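K.L.:
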Amino acid sequence: MTKHTLATLALALAVALILTSCSSGDAPQPEPETSRIEALADEYLAATLERYPEMGTYFGIEGARHDRLFDNSLDALAEWEAQEDAWLARLNALEAPEDIGSRDWVTYGILHEGLESAVATRICRTELWQASSTTAWYRNLPFVFDVQPVDTEDLQQQALDRLGAVPQFIDAEIANLRLGLELGYSAPRVTVESVPAEARALISDDSPFLNIANRANSQEFTDAVGAIFDAEIAPAIARFADFIESAYLDQAREEIALSANKNGAKCYPALVRSFATVQPSAEEIHALGLKEIAGIRAEMQAVIDEYFGGGSIDEFLRRVNTDPEFTFESEDAVLQYSLDALDGARQAMASVFGRLPQADVEIKPYPEFAKSGVGEYHPSSEDATRPGIFYIAVTDPTHRSRAPQQSTLYHETYPGHHHQIAIALELGDRVHPIARYFGNSGFSEGWALYAERLAAELSLYGDALDYMGMLSDQGARAARLVIDSGLHTKGWSRQQAVDYMASNTAWAMVDIENDINRYISWPGQANAYMLGMLEIRRLRTLAEFELGDAFDLRAFHDRVVGFGGTTLPMLHVSILAWIEETRESGDGYVVPDR
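Note that our numbering has the sequence shown beginning at 349, numbered continuously upward.
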């Protein structure tokens with residue numbers, strides 16, 4: 349779809365929304381002019397979908413083509429950054445909307461933060477050092493082929509065209525990483541060591557690049573996929589793995605702090621802001637983490653004393669990953685434990701939300717090439733016909749506790765990521781598409797962490813061990829504040845970070861090791877969870893106090909998730925306005941139409 353067509357479509361949708369808000373008896377109204385904010389957002393969205401064509405596939409956007417990949421060359425990046433500068437200048441020239449909750453207010457806030465943050469993080473040059481097991485190309489790109497549509501001959505040809513673009517994408521990554529080494533940027537060696545083997549796991553009969561053929565009833569298509577894979581994709585993957593093994597690892601930095609990279613000290617606060625949409629200092633983050641850990645450990649001790657016979661928190665958290673009473677016998681058992689709890693969570697949502705998502709969610713174990721993951725959510729389609737997917741970690745089951753499984757489930761599905769993101773995608777014309785498609789970790793991860801506590805309010809945890817798992821997951825996110833700032837600004841060692849996490853969470857040691865590597869290679873992101881949750885909790889407490897008996901939890905939740913991927917400062921303003929609106933109206937909450 350061309351840029352002009354997308355902009356025209358967005359305008360048509362906006363006009364339709366305004367017209368359908370009138371009653372059938374109203375006289376026809378002239379079509380309103382598109383606001384300058386709307387027009388700029390239309391242009392930005394069209395360009396974004398052109399630059400990142402995978403978005404149309406992931407979100408199931410009607411009319412999107414599925415035949416290209418993101419152009420990861422540095423020349424394309426330079427052109428994109430020039431466009432960002434121009435958009436930000438034009439946006440800054442416009443007056444910020446004052447009508448809180450209006451379409452333009454939401455659009456302006458999300459677009460402004462996204463552009464400012466993108467400009468601020470350029471100093472990091474992340475495109476030159478995405479070589480770790482968390483950030484390397486294979487942690488994202490293969491998943492697009494899991495949802496690649498292949499229902500018609502035309503869609504099958506688009507899939508073949510996209511497969512044919514994979515080798516060039518991989519070669520561009522090699523070139524970017526090679527230049528990064530020359531300019532003084534690299535991923536820490538410890539986070540890269542597993543990359544060659546993980547990448548080579550894609551060269552198998554079970555590769556997602558090949559499995560795409562399983563969803564089409566066509567031998568011709570299957571043969572064509574196999575030919576591209578054997579002749580082009582598999583050799584490109586091998587080139588990448590060989591490059592990392594023979595050229596990159598020896599030059600990768602031994603230091604784990606971001607400050608070891610060029611301009612790393614300036615990069616860290618920019619990354620904190622880019623993920624969380626707020627920018628506390630590293631000292632403030634560290635101190636907040638220590639404070640939260642103290643409170644959560646007090647809750648843990650109370651549970652251990654009441655239900656598990658007392659004893660040390662640290663010893664109990666390690667015991668739950670080794671004692672067969674608390675662990676699993678097989679990978680299938682890990683998966684089934686979450687499947688068994690999913691339906692109960694889904695059924696409970698109507699008691700605390702007015703608006704519910706139409707799309708369903710599935711649970712799948714990680715594929716082999718991504719088995720170092722610790723749990724993640726991939727969104728449903730915006731028309732709700734394709735479910736979301738929660739990828740669950742199942743490795744080393746005999747050393748994997750039951751304790752955090754339900755908490756992770758609620759974080760990733762209901763009432764967490766799937767609930768919030770599916771609702772955003774299904775908002776339709778209530779918001780501009782950028783509010784449906786774009787998001788930030790401060791809001792989305794903060795919401796998912798809040799959802800873990802909300803699940804406790806709904807009595808979704810099966811027993812004291814499951815509840816302890818929730819406290820463990822809360823402890824892990826508080827520990828992340830301490831660890832992330834410690835690793836990147838206070839000289840913490842990797843082992844120091846591992847030990848601190850192990851003392852404050854019941855996570856399996858394999859997950860802790862993998863997660864610490866993630867914090868090392870993806871600075872700043874880990875802070876967003878607790879920063880976001882604390883803001884949502886603070887705003888709920890404020891609303892409960894201000895509204896008293898007039899407070900409706902369903903209305904509060906619908907307000908929080910009702911504008912798509914807002915920033916934390918926008919959420920603050922939105923809830924303050926909602927409190928005043930609720931106080932003034934005095935009406936009971938009316939459940940919104942879907």
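By construction, the Cβ of each residue, glycine as well, lies at the ideal position given by its N, Cα and C atoms.
Note that the structure is predicted; figures quoted are calculated from it, not measured.
#1: Decide if the segment 841 to 861 is in contact with the segment 657 to 669; the criterion is three or more beta carbon pairs, one per stretch, under 8 Å apart.
#2: Would you call ASN865 buried or exposed, if buried means 16 or more other Cβ atoms sit within 10 Å of its Cβ?
#3: Taking PRO781 as part of the beta strand (DSSP E), name the residues at either end of that continuous run.
#4: Measuring straight from C-alpha to C-alpha, what distance separates GLY574 and ALA642?
#5: From this set, TRP435, LEU442 and ASP390, which residue's C-alpha is nearest GLU464's C-alpha?
#6: Whole-angstrom Cβ separation of TYR486 and LEU558, contact assumed at under 8 Å?
#7: In the DSSP assignment, find the unbroken alpha helix (DSSP H) run with PHE738 in it and report its ends.
#8: Compute the distance between the beta-carbons of ILE458 and GLY794, then report whether it is under 9 Å.
#9: For the structure I just gave you, are there three or more beta carbon pairs, one from the segment 646 to 658 and one from the segment 706 to 713, closer than 8 Å?
#10: Taking its Cβ as the centre, do 16 or more other Cβ atoms sit within 10 Å of TYR533, making it buried, or is it exposed?
#11: Any idea what DSSP makes of ILE448, helix, strand or coil?
#12: In the structure shown, what three-state DSSP assignment does HIS414 receive?
#13: Can you name, in chain order, every residue of its own chain whose Cβ lies under 6 Å from the Cβ of ASN611, other than the five neighbours on each side?
#14: What would DSSP say about GLU603, mapped onto helix, strand or coil?
#15: Give the single residue among THR733, PRO735, ALA696 and TYR739 whose Cα lies nearest to the Cα of SER686.
#16: PRO713 lies in the beta strand (DSSP E); which residues open and close that run?
#17: According to DSSP, is THR675 helix, strand or coil?
#18: With a threshold of 16 other CB atoms inside 10 Å of the CB of LEU531, please say whether the residue is buried or exposed.
#19: Using beta-carbon positions only, say whether ALA630 and HIS836 come within less than 9 Å of one another.
#20: What is the rounded straight-line gap between the Cα of ARG694 and the Cα of TYR785?
#21: Going by DSSP, name the residue or residues bridged to GLU724.
#22: Compare the Cα-Cα distances from ASP731 to each of ALA696, ASP494, LEU775 and LEU527 and report the closest residue.
#23: With a cut-off of 8 Å on the beta carbons, I'd call TYR406 and VAL492 a contact; round off their distance for me.
#24: Determine the DSSP secondary structure at PRO536, reduced to helix, strand or coil.
#25: Which first and last residues belong to the alpha helix (DSSP H) in which ARG828 is found?
#26: Count the other CB atoms, across all protein chains shown, that sit within 10 Å of the CB of THR482; report buried if there are 16 or more and exposed otherwise.
#27: Considering only the alpha carbon of each residue, which of LEU442, GLN478 and ALA523 lies closest to ASP423?
P.N.:
To lay it out plainly:
#1: Put simply, the segment 841 to 861 touches the segment 657 to 669. At least three CB pairs are less than 8 Å apart.
#2: Buried: at least 16 other Cβ atoms inside 10 Å.
#3: Where PRO781 is concerned, there is no enclosing beta strand (DSSP E), although the alpha helix (DSSP H) it sits in stretches over 781 to 785.
#4: C-alpha separation (whole angstroms): 55 Å.
#5: Ranked by Cα distance from GLU464, the options TRP435, LEU442 and ASP390 are led by TRP435.
#6: In this structure TYR486 is not in contact with LEU558, their Cβ atoms being roughly 15 Å apart against a cut-off of 8 Å.
#7: Where PHE738 is concerned, there is no enclosing alpha helix (DSSP H), although the beta strand (DSSP E) it sits in stretches over 736 to 740.
#8: At a Cβ-Cβ threshold of 9 Å, ILE458 and GLY794 do not count as neighbours.
#9: The segment 646 to 658 is not in contact with the segment 706 to 713.
#10: Buried, since its Cβ has 16 or more Cβ neighbours within 10 Å.
#11: Taken through DSSP and simplified to helix, strand or coil, ILE448 comes out as coil.
#12: HIS414 carries a coil assignment under DSSP once its states are collapsed to helix, strand and coil.
#13: Excluding residues within five positions, the ones whose Cβ falls inside 6 Å are ILE471.
#14: GLU603 carries a coil assignment under DSSP once its states are collapsed to helix, strand and coil.
#15: For SER686, the nearest C-alpha among the options comes from TYR739.
#16: Taken as a continuous stretch (DSSP letters only), the beta strand (DSSP E) holding PRO713 covers 709 to 713.
#17: DSSP places THR675 in strand when its eight states are reduced to three.
#18: LEU531 should be labelled exposed.
#19: Cβ atoms of ALA630 and HIS836: closer than 9 Å.
#20: Approximately 23 Å between the Cα atoms of the pair.
#21: For GLU724, the beta-bridge partners assigned by DSSP are TYR739.
#22: Sorting ALA696, ASP494, LEU775 and LEU527 by C-alpha distance to the C-alpha of ASP731 places LEU775 at the top.
#23: Yes, TYR406 and VAL492 are in contact; Cβ-Cβ is about 7 Å, under 8 Å.
#24: Note: PRO536 maps to strand in three-state DSSP.
#25: Judged by DSSP secondary structure, ARG828 falls within the alpha helix (DSSP H) whose first and last residues are 812 to 837.
#26: THR482 should be labelled buried.
#27: Here the closest residue by C-alpha is ALA523.
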